[in-house]
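Take 1118 as the starting number for the sequence shown in the numbering used here and just add one per residue.
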Amino acid sequence: MSNNLTSTLTTCPYCGVGCGIRAGAAGADIKGDSRHPANFGRLCVKGSALGQTLSAEGRLLLPQVNGADCDWPTAINAVAQGLQQTIAEHGPGSVAMYLSGQLLTEDYYVANKLMKGFIGSPHVDTNSRLCMASTVAGHKRAFGADVVPGCYDDIEQARLFVLVGANMAWNHPVLFQRMQAVLQANPDAKLVVIDPRRSASCEAAQLHLKLRPGTDVLLFNGLLSYLAQQGKLDQRFIHLHTEGFADALVNAQQQAATVAQVASGCDLPVEQVLQFYRCFADEALSLTLFSQGVNQALDGTDKVNAIINCHLATGRIGKPGCGPFSLTGQPNAMGGREVGGLANQLAAHIDYSDNVQQALVGEFWQAANLVQQPGYKAVELFDAIERGEIKAVWIIATNPVVSMPQADKVKAALTRCPLVIVSDIYQHSDTLDVANIKLPALGWSEKDGTVTNSERRISRQRALRPPQGQAKADWQIVCQVARAMGFSQGFNFANAGEIFAEHAALSAYKNNGQRAFNIAALAQLSAEQYHQLAPIQWPVTDSTPQGTARLFADGQFFTASGRAQFIAVQQSGFKQARPQTPLWLNSGRLRDQWHTMTRTGTVAALMQHRPEPFVSLHPADAALYGISHAELVQLSNSYGRVLLRADISDTQRPGELFIPMHWSAQFASQARADVLFAADTDAISGQPALKLSQVALRRFTPAWQALLLTAEPLKPAQLALFSTHYMARLPLGCCQSYRLGLTEALTPPQLLQQLQLTPDLSCLDNQHGQLSGYRAAAIKDNQLKWLLLAGTALPPADQSWLNQLFDGPLSLDNRRQLLSGCAGQGGPVDSSALICSCFNVRSKAICQAIASGADSTAKLGKQLSCGTNCGSCLPELNSLLRQQLSLSNVGA
Ligand code: SF4
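The following block contains the structure:
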């Protein structure tokens, strides 16, 4: 939809908040859409930087078969013949698809239709398995359907927010800002954060329960027990609209009879647990928001039901301002589930367990090969590839070599798999690098279709510019392959709108109110109506043509009895860490990065917030292991090892570590977090437990540390040299920066030799007759090509100045100062943490401003501009204010 000739309304491609965007021609001038009900004009730092991700650099522009560029007919035939040959020799179950919550609903729909309806393989799963599967399973157990009951407007109406296993300030920033506005406007409103680490979200919290990891079920069983003791149950709601309450309560009371018992199990002070329970008991307008800290666990589904039990017991569901609220990780995790993206579901939320409903899908599609049994969930799927049962896999818009648990095993399995087809927008990713066939797909700004956000709201993602190179829409690629395989019926769509209409019609097909997902009223949209479609929440039926904000207002659920189900859930026992891997490891997201950094990693400003892979550890552990801040360390276990910088911080509990999930082999030699996580899953949902692993920690002491800046990115063969060393790449805008930690096996001059970089300038530093430092550079036609600064410690350097030297001819002064790494007299370089990515403001400048009297975020914004654009850094500004002002009070 365009409001005038140059502005288009579309949707952000990152998180599940699903913010609306107003974009100028070709993606210029990205702004929040003030009328989109998810964000009302706000965008976080990632959404605000979308315009900087649209370069053609690094894009996959042509199809490739076995390493050679080719045209589309050749690539489509190679895919179709490869799949057909595999099926002919080994049956349809030997082929699989692995999809993504980044796909548009229309892409997802045809992919599922091809595999589950026509090829006849049930093995279609999605990276949503790593993200939302436990919530799906929990919702289905309690409500009889995969539905989020509430809507974002509940945020403005709630007065108690309980945030469980979710760093909303960084991962759902715009919703966090909506919540913060409520907290600021209502002095009685409260935020309780339940998280083993003190995340940025805690800055706005009145209470933080820094509980022992994996004890959420105990905490919420204790809450259920407390609510019963205090007479805070909604007996009428329980009686009229639910089943299973008595069992759930007895079970909760057996495990969590007293607050003291809960506090001891969760490793929390009794007063804190009691404070949380009183808050919840006393505030009917309570919203419990949860995300990956709940889902990514061996008991993830039970955690979800433990939370839902407390809302059912108090009747706080289906009403404004209350309810359990799952914060979806990905932009279209929900849309993918609507079309059957999970291996244990068919399209339109139809389950394999219901034969009559199942037959409807085959009937509607007129599909001769409709699958009859669920397929392999993500971990099982890659295990089947590893043992050679699945021989051809098509991976679309995701990077499992980085994101799957036991990622090294997944990489080895894909390397051995006879046919790996990958559709992506970039030339290189860890997964593309093991593909036989690479298919260039449209990226955000070129795609056209729909996505569904966390509140069931379907929004249009619209194209802003023509495709790059020969890239095609994923739905077009899938349909062309389907037709090349001989499936001439069912894949002749002319545009995404036609696919959406079929998807909507299937949701309505013989529905009779049995299936929650129903968008019947959208099945007859004309091309123009589809183009103009405004954001709308499903169900959208003839009786609810404006959509549905909240479900279950009438107390009717989608279970066989129409009643919600209490589930008696048990806290599993607490494991002791094994002596050889004595530390517990958690993983998660950073404020400025998305998934495996394929897109956000191209934006220099976004890379500055946390420029290197790191591990956060408690000061007590740092002392125990003799580790200093910013020192290099190794984490390892029987699955793999990583090399990272130490970040000593009391945000962690002693004995517990945190690492970001984002770094891939494209950005660091050994920092893929998921190589350290076992492929153990929740038994019900199949979701891997990516929040808890056991590791050993030790210092990694390189013989040399170096900064290598290059005008051109190093080639894969050059990067391979760092496989046993530390390397972290940081795009700076005009050059690439590589921070290196080299073992004794490689001196800096040897490194240059092996990289085939010949210096024009160099100097050696000697101490006591030993080589202690080395600096070298190459200049061609007065343009700086590369610069190496090496020493026994990382030499100081002004990266911002050095970056500019790559942008144009070198002056005589710059040439002279080049090997010193700093301009002028080499004054102090501000390498403190970047806090505000929008205005490039670092913590040192902020602390100086606080010291000189700026005692609020408003004053800091006025003085330095920080926090005045997207607001994503406001929690960090508040944290610095709190720290600095309390320091000055101590000093006073
Ligand atoms: S909160 Fe940020 S990342 Fe999420 S949809 Fe909105 S702008 Fe995009």
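The beta-carbon is built from N, C-alpha and C at its ideal position, and this holds for glycine as well.
Query	Result
Beta-carbon spacing of Cys1983, Phe1923 below 8 Å	no
Candidates Gln1867, Ala1398 and Leu1847, of which the one nearest Leu1888 by Cα	Gln1867
Distance CB(Asp1797)-CB(Leu1415) smaller than 8 Å	yes
Backbone secondary structure at Val1551 - three-state DSSP	helix
CA-to-CA distance, Val1310 to Ala1621, given in whole angstroms	38 Å
Pro1771 versus Val1379: straight-line alpha-carbon distance, rounded	20 Å
Top-ranked residue by Cα proximity to Leu1247, from Arg1139, Ala1460 and Pro1180	Ala1460
Cβ-heavy atom distance, Cys1427 to the ligand SF4, below 7 Å	no
Helix, strand or coil at Leu1126 according to DSSP, with G and I counted as helix	strand
Cα-Cα separation, Thr1123 to Gly1141	5 Å
Buried versus exposed call for Leu1991 [16 or more other C-beta atoms within 10 Å across all chains shown]	buried
Euclidean distance between Cα positions of Ala1450 and Thr1569	7 Å
Same chain, Cβ closer than 6 Å to Gly1158, five either side skipped, listed in chain order	Gly1149 and Ser1151
Length-filtered (4 minimum) alpha helix (DSSP H) runs lying within the stretch 1290-1361	1290-1302, 1333-1346 and 1352-1358
Extent of the continuous beta strand (DSSP E) run through Glu1773	Glu1773 to Pro1777
For Ser1840 and Gln1544, the rounded distance between their alpha carbons	21 Å
Integer Cβ distance of Pro1736 from Asp1767, believed to fall under 8 Å	6 Å
For Ser2003, three-class secondary structure by DSSP	helix
Local Cβ density within 10 Å of Val1473, reported as buried at 16 or more and exposed below that	exposed
Coil, strand or helix - Cys1955 by DSSP	coil
Rounded C-alpha distance that separates Gly2008 from Arg1315	Because the pLDDT of Gly2008 is 47, which lies under 50, any placement of that residue in the model is unreliable, and the number read from its coordinates should be weighed accordingly. So the two alpha carbons sit approximately 25 Å from each other.
Sequence ranges, beta strand (DSSP E) only - wholly within the stretch 1404-1444, length at least 3	1440-1443
Lys1327 Cβ short of 7 Å to the ligand SF4 heavy atom set	no
Assigned exposure category for Ile1691 - 16 Cβ within 10 Å defines buried	A small correction: the amino acid at residue 1691 is Phe; Ile does not occupy that position in the sequence shown. Exposed, since its Cβ has fewer than 16 Cβ neighbours within 10 Å.
Pro1290 beta carbon near the ligand SF4 (any heavy atom closer than 7 Å)	yes
Residue environment, Lys1589, which counts as buried when at least 16 other CB atoms sit within 10 Å	buried
Asn1284 - containing alpha helix (DSSP H), residue span	Counting along the chain, Asn1284 falls outside any alpha helix (DSSP H), and DSSP gives it neither H nor E.
Val1686 vs Ala1423 beta-carbon contact at 8 Å	yes
Simplified DSSP state of Gln1900, which is helix, strand or coil	strand
Strand pairing of Gln1853, partner residues [DSSP]	Thr1827 and Pro1848
Val1334 and Phe1442 closer than 8 Å at C-beta	no
CA-to-CA distance, Thr1974 to Ile1963, given in whole angstroms	10 Å
C-alpha distance - Val1079 paired with Ala1464, whole-angstrom precision	Since the first residue shown for the chain is 1118 and the last is 2009, residue 1079 is missing from the structure and cannot be characterised.
Chain-order list of residues whose beta-carbon lies under 6 Å from that of Thr1418 (same chain, five-residue window excluded)	Ser1251, Ala1254, Gly1255, Asp1799, Ile1801 and Ser1802
Contact test: Val1182 Cβ vs the ligand SF4 heavy atom, cutoff 7 Å	no
Which residues DSSP lists as bridging Ser1879, in chain order	Ala1893
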